[in-house]
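**Student:** In the numbering used here, the protein residues as written are 15 to 106. All residues carry an ideal CB built from backbone N, CA and C; glycine is no exception.
#1: What residues in its chain sit with their C-beta under 6 Å from that of residue 86, if we drop five residues either side in the sequence?
#2: Using a Cβ-Cβ cut-off of 8 Å (strictly less than) and excluding sequence neighbours within five positions of residue 106, which residues of its own chain qualify?
#3: Going straight from the alpha carbon of residue 70 to that of residue 82, what length do you get?
#4: Answer with buried or exposed for residue 51, where buried requires no fewer than 16 other C-beta atoms within 10 angstroms of its C-beta.
#5: Indicate the three-state DSSP secondary structure (helix, strand or coil) for residue 87 in the structure shown.
#6: Give the straight-line distance between the Cα atoms of residue 62 and residue 99, rounded to the nearest whole angstrom.
#7: Between 44, 89, 39 and 28, which has its C-alpha nearest residue 57's C-alpha?
#8: Locate the beta strand (DSSP E) running through residue 60, then write down its first and last residues.
Written out as structure tokens, the structure is:
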């Protein structure tokens with residue numbers, strides 16, 4: 015069952031969507047990770063570490079992507095996108 019779609023614009027999940035700019039950060043507590051957002055009252059998108067799977071165009075389910083757990087790939091993507099949106103400071 016597909017529950018989360020990752021695109022260049024952000025994340026969508028059964029009618030709920032987060033643009034990359036909607037995410038304020040990432041938190042991990044025990045075996046639960048959260049992509050923190052104030053967009054919805056839930057406070058963000060929570061998921062269990064070790065339970066996520068990636069389904070590529072071939073339809074194969076993978077727990078790892080390029081040698082890394084899928085959850086950490088998602089968190090790295092969110093961090094990358096947030097950094098890309100941050101204003102760049104100029105060196106004088």
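**Tutor:** Let me lay it out:
#1: As a first step, residue 86 must be located in the chain shown, where it is residue number 72. Answer for residue 86: no residue qualifies.
#2: If you number the chain shown from 1, residue 106 lands on position 92. Since pLDDT at residue 106 reaches only 49, below the 50 mark, its modelled position is unreliable, and no value is offered.
#3: Indexing the chain shown from 1 puts residue 70 at position 56. Indexing the chain shown from 1 puts residue 82 at position 68. Distance between the alpha carbons of residue 70 and residue 82 is about 15 Å.
#4: Here residue 51 corresponds to residue number 37 of the chain shown, with the count starting at 1. With 16 or more other Cβ atoms within 10 Å, it is buried.
#5: Translated into positions along the chain shown, residue 87 becomes position 73. It is helical.
#6: Taking the first residue of the chain shown as 1, we reach residue 62 at position 48. Taking the first residue of the chain shown as 1, we reach residue 99 at position 85. Each residue's CA atom was taken as its position, placing residue 62 and residue 99 some 27 Å apart.
#7: Taking the first residue of the chain shown as position 1, residue 57 is located at position 43. When only C-alpha atoms are compared, the closest one is 39.
#8: Indexing the chain shown from 1 puts residue 60 at position 46. Start and end: 58-62.
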